[in-house]
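So the sequences go chain by chain: E and X.
One point on numbering: in this note's numbering, the residue at position 81 of the first sequence is 513, and numbering is uninterrupted.
One point on numbering: in this note's numbering, the residue at position 171 of the second sequence is 603, and numbering is uninterrupted.
Just so you know, even glycine gets a beta-carbon here, dropped at the ideal spot from N, CA and C.
Reading through the structure tokens given below for one structure.
Number of protein chains: 2
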Amino acid sequence: MEGSAPRRTRIQQEKRELILEAALEVFSANGFRGSTIDQIAEAAGMSKPNLLYYFRRKEDIHETLMQRLLDTWLAPLRELDDIGDPLTELRSYIRRKLEMARDFPRESRLFANEILQGAPRIMPMLEGDLKTLVDEKATVIKGWMRAGKIARTDPWHLIFSIWATTQHYADFDVQVRAVLGADRGGNGRFEDAARFLEQLFLDGLKPKG
Amino acid sequence: MEGSAPRRTRIQQEKRELILEAALEVFSANGFRGSTIDQIAEAAGMSKPNLLYYFRRKEDIHETLMQRLLDTWLAPLRELDDIGDPLTELRSYIRRKLEMARDFPRESRLFANEILQGAPRIMPMLEGDLKTLVDEKATVIKGWMRAGKIARTDPWHLIFSIWATTQHYADFDVQVRAVLGADRGGNGRFEDAARFLEQLFLDGLKPKG
DNA sequence: CTAACGTTTGTCCAACCGGTCAAAATTTTG
DNA sequence: CAAAATTTTGACCGGTTGGACAAACGTTAG
Numbered sequence: 433m434e435g436s437a438p439r440r441t442r443i444q445q446e447k448r449e450l451i452l453e454a455a456l457e458v459f460s461a462n463g464f465r466g467s468t469i470d471q472i473a474e475a476a477g478m479s480k481p482n483l484l485y486y487f488r489r490k491e492d493i494h495e496t497l498m499q500r501l502l503d504t505w506l507a508p509l510r511e512l513d514d515i516g517d518p519l520t521e522l523r524s525y526i527r528r529k530l531e532m533a534r535d536f537p538r539e540s541r542l543f544a545n546e547i548l549q550g551a552p553r554i555m556p557m558l559e560g561d562l563k564t565l566v567d568e569k570a571t572v573i574k575g576w577m578r579a580g581k582i583a584r585t586d587p588w589h590l591i592f593s594i595w596a597t598t599q600h601y602a603d604f605d606v607q608v609r610a611v612l613g614a615d616r617g618g619n620g621r622f623e624d625a626a627r628f629l630e631q632l633f634l635d636g637l638k639p640k641g
Numbered sequence: 433m434e435g436s437a438p439r440r441t442r443i444q445q446e447k448r449e450l451i452l453e454a455a456l457e458v459f460s461a462n463g464f465r466g467s468t469i470d471q472i473a474e475a476a477g478m479s480k481p482n483l484l485y486y487f488r489r490k491e492d493i494h495e496t497l498m499q500r501l502l503d504t505w506l507a508p509l510r511e512l513d514d515i516g517d518p519l520t521e522l523r524s525y526i527r528r529k530l531e532m533a534r535d536f537p538r539e540s541r542l543f544a545n546e547i548l549q550g551a552p553r554i555m556p557m558l559e560g561d562l563k564t565l566v567d568e569k570a571t572v573i574k575g576w577m578r579a580g581k582i583a584r585t586d587p588w589h590l591i592f593s594i595w596a597t598t599q600h601y602a603d604f605d606v607q608v609r610a611v612l613g614a615d616r617g618g619n620g621r622f623e624d625a626a627r628f629l630e631q632l633f634l635d636g637l638k639p640k641g
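Below, the structure written as structure tokens:
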């Protein structure tokens with residue numbers, strides 16, 4: 433048994449990777465409809481018909497990209513576990529999400545683009561796997577609240593707020609850099625963000641007293 | 433002196449409004465390149481050549497829309513003022529931003545689309561007016577911190593986090609609704625979000641001791 | 001009424017875009 | 001090496017899209 437996946441030669445493996453890398457660059461910058469096959473082909477260093485030899489349709493590239501993305505994208509949340517100190521767990525989840533925004537901004541923007549357009553291609557996944565996962569983690573968080581380990585709030589909105597604040601640094605990167613200016617908007621901005629978010633999520637804004 | 437703006441008849445005023453409303457609907461749902469003049473014309477109840485009589489180019493519609501948007505979009509931040517209790521000021525800023533996400537989600541998505549694509553059309557504004565405004569408000573917030581009215585943190589990232597968390601409910605609305613499900617994802621979700629965000633920004637997640 | 005002006009429409013065009021196809025070039029295999 | 005299989009390319013196609021344009025239609029003022 434070779435499995436149901438199509439058999440692929442070495443060249444196919446390599447060229448497909450090349451195309452996916454190029455497509456990630458182009459799609460994340462211009463959105464699906466804003467990107468052309470020619471752009472992707474050029475970014476991958478090949479001709480359009482050649483690219484279409486490896487992916488029959490533009491949608492196939494996008495779909496493959498999206499499937500891969502979702503796996504790795506939700507990994508940090510999957511790791512949020514019941515073992516260990518709750519506040520530490522949450523803090524490291526926030527940190528990992530922020531690192532992903534820093535290291536994989538294109539993936540974040542690809543995802544944001546898809547959601548902004550109404551998630552036409554991944555709606556079933558949102559209502560299925562994603563909802564299941566979030567519900568599961570919400571239960572874990574609720575347990576922490578009942579045990580008095582963290583303050584009582586809405587676990588779903590807590591997760592949303594972590595997604596929102598961390599992904600903001602990838603999706604709205606140009607705005608963040610423009611507002612921070614040349615000095616504060618340099619490479620240190622992610623460490624500043626990490627420090628700020630840690631304080632926000634742990635202590636809020638009330639002055640200590 | 434009539435000013436430098438082109439003289440417009442009553443019909444022009446009305447039709448232009450009609451077109452802008454239709455274009456907001458279409459652009460915010462499909463992005464700039466994902467939208468066609470035909471779509472906008474149909475949504476506005478007129479023919480394509482007729483629409484092009486009022487706006488010579490597709491870009492002109494988008495530009496007009498964007499200029500109007502920016503004025504109203506930053507109004508809540510402009511109102512953040514030094515008079516009144518700092519924590520109350522911040523709380524009401526958050527509430528107002530969340531209300532805007534609820535009441536003007538199309539505007540939020542239009543803006544998000546523009547930023548995601550690298551803000552090609554509004555970059556000067558981000559580096560100019562927006563940066564100036566944010567820097568100004570950051571100074572106000574710093575004053576509050578020096579006076580011990582709120583905890584010490586980075587004011588710029590504080591503003592980013594408010595933008596991120598509130599706009600998330602407009603930009604990622606489909607995801608929010610999908611994850612919350614039919615019951616919790618109903619109209620009450622904005623009130624839940626308001627309650628959660630108030631707690632997050634004021635007290636954080638540490639359990640009360 | 002009619003001339004001037006503003007509005008609307010049908011037709012058309014050139015550029016672009018996703019995708020096909022057959023033939024040529026290359027690589028793999030016996 | 002030679003046949004078979006795979007990869008690459010140039011030419012092409014039909015549909016879409018942004019936009020031009022002139023003619024027709026409607027409105028308003030003298």
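- [ ] Less than 8 Å between the CB atoms is what I'm expecting for leucine 519 of chain E and lysine 640 of chain X, so what's the real figure, rounded?
- [x] Within the first sequence, numbered from 1, the residue matching residue 519 of chain E stands at position 87. Within the second sequence, numbered from 1, the residue matching residue 640 of chain X stands at position 208. Not a contact, Cβ separation roughly 13 Å.
Task: Contacts of lysine 420 of chain X in chain E (Cβ-Cβ under 7 Å) - done: Residue 420 of chain X is absent from the structure shown; chain X starts at 433 and stops at 641.
- [ ] Using a Cβ-Cβ cut-off of 8 Å, state whether lysine 563 of chain E counts as contacting chain X.
- [x] If you number the first sequence from 1, residue 563 of chain E lands on position 131. True, the Cβ-Cβ gap to chain X drops below 8 Å.
Open item on the list: Tell me which residues share the same chain as leucine 565 of chain X and place their Cβ nearer than 8 Å to its Cβ, disregarding the 5 neighbours each side in the sequence.
Closed with: Taking the second sequence and counting its residues from 1, the one referred to as residue 565 of chain X is at position 133. Answer for leucine 565 of chain X: Leu506, Leu509 and Arg510, listed in chain order.
TODO: Please go through the same chain and pick out, in chain order, the residues whose beta-carbon is closer than 8 Å to the beta-carbon of alanine 570 of chain X, but skip the five residues on each side of it.
DONE: Looking up residue 570 of chain X in the second sequence gives position 138. Contacts found: Pro587, Trp588 and Ile591.
Task: Residue of E:Asp492, E:Asn619, E:Arg609 and E:Thr468 minimising C-alpha distance to alanine 551 of chain X - done: Locating residue 551 of chain X in the second sequence gives position 119, where the first residue counts as 1. Answer by Cα proximity: E:Arg609.
Task: Neighbourhood of valine 458 of chain X by C-beta distance below 7 Å, restricted to the same chain and skipping five residues each side - done: Residue 458 of chain X sits at position 26 when you count from the first residue of the second sequence. The residues are Ser467, Gln471, Ile472 and Ala475.
TODO: Note the first and the last residue of the continuous alpha helix (DSSP H) segment covering proline 587 of chain X.
DONE: On the second sequence, residue 587 of chain X is found 155 positions in, with the first residue counted as 1. Per DSSP, proline 587 of chain X belongs to the alpha helix (DSSP H) from 587 to 603.
TODO: Would you please state the rounded distance, in angstroms, between the beta carbons of leucine 629 of chain X and threonine 585 of chain X? I believe it to be under 8 Å.
DONE: Within the second sequence, numbered from 1, the residue matching residue 629 of chain X stands at position 197. Within the second sequence, numbered from 1, the residue matching residue 585 of chain X stands at position 153. About 16 Å separates the two Cβ atoms, so there is no contact after all.
TODO: Give a yes or no on whether the minimum CB-CB distance between phenylalanine 592 of chain X and chain E is below 8 Å.
DONE: Numbered from 1 along the second sequence, position 160 holds the residue referred to as residue 592 of chain X. Yes, phenylalanine 592 of chain X lies at the interface with chain E (some Cβ there is under 8 Å from its Cβ).
Open item on the list: For glycine 575 of chain X, tell me which candidate among X:Asp513, X:Leu530 and X:Gly613 has the shortest Cα-Cα distance.
Closed with: To locate residue 575 of chain X, count along the second sequence from 1; it is residue 143. The candidate whose alpha carbon is nearest that of glycine 575 of chain X is X:Asp513.
Task: Nearest candidate by alpha-carbon position, reference arginine 456 of chain E, set E:Asp615, E:Leu632 and E:Pro537 - done: Here residue 456 of chain E refers to the residue found at position 24 when the first sequence is read from its first residue. Per the sequence shown, the amino acid found at residue 456 of chain E is leucine instead of arginine. Nearest option by C-alpha distance: E:Pro537.
Task: C-beta neighbour in chain X for valine 572 of chain E, strict 8 Å - done: Counting from one through the first sequence, the residue named residue 572 of chain E turns up at place 140. Taking Cβ atoms only, chain X never reaches closer than 8 Å to valine 572 of chain E, which makes this a no.
- [ ] Kindly indicate if chain X contains any beta-carbon less than 8 Å away from that of asparagine 619 of chain E.
- [x] Position 187 of the first sequence holds residue 619 of chain E. No, asparagine 619 of chain E does not count as interfacial toward chain X.
TODO: Kindly list, in the order they appear in chain E, the residues whose Cβ is closer than 7 Å to that of arginine 541 of chain X.
DONE: In the second sequence, counting from the first residue as 1, residue 541 of chain X sits at position 109. The answer, in chain order, is Leu548.
Task: As assigned by DSSP and simplified to three states, the class of glutamine 642 of chain X - done: Look at the range of chain X in this structure, 433 to 641, and you will see that residue 642 of chain X is not part of it.
- [ ] Could you check what DSSP says for alanine 583 of chain X in three-state terms: helix, strand or coil?
- [x] Counting from one through the second sequence, the residue named residue 583 of chain X turns up at place 151. Of the three classes helix, strand and coil, the one that applies to alanine 583 of chain X here is coil, per DSSP.
Task: Where lysine 563 of chain E falls: helix, strand or coil (DSSP) - done: Translated into positions along the first sequence, residue 563 of chain E becomes position 131. Helix, per DSSP.
- [ ] Starting from the Cα of threonine 504 of chain X, find the closest Cα among X:Glu491, X:Met555, X:Lys480 and X:Asp535 and give me that residue.
- [x] Taking the first residue of the second sequence as position 1, residue 504 of chain X is located at position 72. With distances taken between Cα atoms, threonine 504 of chain X lies closest to X:Asp535.
- [ ] Could you tell me the distance, in whole angstroms, from the CA atom of leucine 648 of chain X to the CA atom of phenylalanine 543 of chain X?
- [x] No answer is possible for residue 648 of chain X: it lies beyond the span of chain X, which begins at 433 and ends at 641.
- [ ] Give the straight-line distance between the Cα atoms of arginine 391 of chain X and glutamine 444 of chain X, rounded to the nearest whole angstrom.
- [x] The question about residue 391 of chain X has no answer, for chain X in this structure spans 433 to 641.
Task: Integer-rounded CB distance, given that arginine 553 of chain X should sit under 8 Å from serine 460 of chain X - done: Indexing the second sequence from 1 puts residue 460 of chain X at position 28. Indexing the second sequence from 1 puts residue 553 of chain X at position 121. Serine 460 of chain X to arginine 553 of chain X, Cβ: 15 Å. No contact.
Open item on the list: Just checking: is the beta-carbon of alanine 437 of chain E within a distance shorter than 8 Å of some beta-carbon in chain X?
Closed with: Position 5 of the first sequence holds residue 437 of chain E. The predicted model places alanine 437 of chain E with a pLDDT of 47, which falls under 50 and marks its position as unreliable, so this point remains unresolved.
- [ ] In the DSSP assignment, find the unbroken alpha helix (DSSP H) run with aspartate 513 of chain E in it and report its ends.
- [x] Counting from one through the first sequence, the residue named residue 513 of chain E turns up at place 81. Premise fails: aspartate 513 of chain E is in no alpha helix (DSSP H) and is neither H nor E.
- [ ] Taking only beta-carbon positions, decide if phenylalanine 622 of chain E is within less than 8 Å of chain X.
- [x] Residue numbering aside, residue 622 of chain E sits at position 190 when the first sequence is read from its first letter. No, phenylalanine 622 of chain E lies away from the interface with chain X (no Cβ there is under 8 Å from its Cβ).
TODO: Answer yes or no: does any C-beta atom of chain E fall closer than 8 Å to that of glutamate 559 of chain X?
DONE: Within the second sequence, the letter at position 127 stands for residue 559 of chain X. It does; some Cβ of chain E falls within 8 Å.
Task: Cβ of leucine 519 of chain X within 8 Å of any chain E Cβ - done: If you number the second sequence from 1, residue 519 of chain X lands on position 87. Chain E contact via Cβ: present.
TODO: From the DSSP output, in three-state form, read off phenylalanine 464 of chain X for me.
DONE: The residue you call residue 464 of chain X lines up with position 32 of the second sequence. Phenylalanine 464 of chain X: coil per DSSP, three-state reduction.
- [ ] For glutamate 434 of chain E, I'd like the list of residues in its chain whose CB is within less than 8 Å of its CB, leaving aside the five on either flank, ordered along the chain.
- [x] Here the question's residue 434 of chain E lines up with position 2 in the first sequence. Unreliable placement is indicated for glutamate 434 of chain E, whose pLDDT of 34 sits below 50; no coordinate value is reported for it.
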